[in-house]
Structure formats: structure tokens, C-alpha cells
Amino acid sequence: MNKIPFKNSIPNLSRVASLVLDCHFHDSWSILPASPQLSAMDQFVKAFSSAPAWVNACMGVRNRLARFVGIKNLGAFNKINSAKSAYDYKPGDRIGIFTLISNTFNEVVVGDKDKHLDVVLSVYREIQESTGAVVITVTTIVHVHNWLGRLYMIPVAPMHKIIAPSVLRAIARIEQ
């Protein structure tokens, strides 16, 4: 099994595919899950609740700096109730640093809005027609609204290319 995340394109049938138009930043990373039977929400919870400590430390630094420039504190990256069932989450619920927008078996969409930028993240579960393998693709899309949003994205965009695959690796780990 390939445990290494790979750069990919936004899945055509994803609810967020149309949001890429006029966005400031987007990327998609995919991985083959260790537990392909899990829903998109279960995969999201597995990945984000197992985020590496350094990712949570980066989020803490971001939150401390954010208050000085008027960007809201998003809280802890891995503040997720993993005991909660995937289907108990309803639109509007907070899950980690995001607010749930929609939740189906094959796709969970979360996001956050601020006066400076909007972020939408999709965890999309699909079966490859050619191999029958389940692939999980995480897509992030950012729309900026002003100069502060653009300034914010200068360090965030390159860091995201390191953070996203690091978080995604948890999906490929077999749980003991």
C-alpha cells in the first residue's frame, strides 16, 4: 500500500470543484487509506486528530500572532471528539479548526470564513475505476478578500504544502 501522499487534481465530482475559479490558492493531496471502508468524515477525524505535534505547534504560533493583526483565533488543529460518530456531526458544528458545511459518506466539506479570507476543505472518498482502490483526496481552496489575506497567505501557502501531506499520512496508518 502506498503510504505516501501524492499531489493530485480536484476530483471532478467533488462539491468544491467549482470553487477553484478565481481562488487565490488551491491544492489537492491524495492517499490510499489503510481502512478503505471508512467514510470521508471518519478519514477526516483520523487525519486531523492524529496531526503531528509540530503542526499543532505551528497552529498555536499562528493563533498567537493572528490576534495582533485582526485575524481570528481558530483554536486547536486537533480539537476533535474522536468518540463522536461521523454521522453525529451536523452542518454548523465545529470540528478542529473548521466549521462543518456538509457531510456525506463520500465527502465532508468544512471551512472557515473571515473578513480577510475564506477557506474550504474537502475530504473526498472515491473508488478508482481502473483499480477498484479507494483513494482519499483532501482539497483546500482559499479565496482572499483584501491585502491582509494576501499577506497572510505568503507564509501559509508554502507551509500548507508541507502540512497537508504530513496530516494526510495518518489515513494510511493501520490502527492498532
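So this note's numbering is basically just the index in the sequence shown, starting at one, shifted up by 34. Even for Gly, the Cβ is constructed at its ideal location relative to N, Cα and C. Because the structure is a prediction, the values reported are computed rather than measured.
In this structure, DSSP gives residue 179 a state outside helix and strand, which the three-state scheme calls coil. Contact annotation, residue 133 with residue 60: C-beta distance approximately 19 Å; criterion of less than 8 Å not satisfied. Taking all protein chains shown into account, residue 82 has 16 or more neighbouring C-beta atoms within 10 Å of its C-beta and is therefore buried. Counting C-beta atoms within 10 angstroms of its own C-beta, residue 208 has fewer than 16 neighbours from the protein chains shown and is therefore classed as exposed. Of the other Cβ atoms in all chains shown, fewer than 16 fall within 10 Å of the Cβ of residue 88; this residue is therefore exposed. Of the other Cβ atoms in all chains shown, fewer than 16 fall within 10 Å of the Cβ of residue 121; this residue is therefore exposed. Just measuring C-alpha positions, the residue of 97, 167, 135, 168 sitting nearest residue 153 is 135.
Bridge partners of residue 138 according to DSSP: none are assigned.
Looking only at 162, 144, 57, 200, the smallest Cα-Cα distance to residue 183 is reached by 57. In the DSSP secondary-structure assignment, residue 41 is bridged to 63. Contact annotation: residue 65 and residue 206 have beta-carbon atoms nearer than 9 Å. By the beta-carbon neighbour count (other beta carbons within 10 angstroms, threshold 16), residue 74 is buried.
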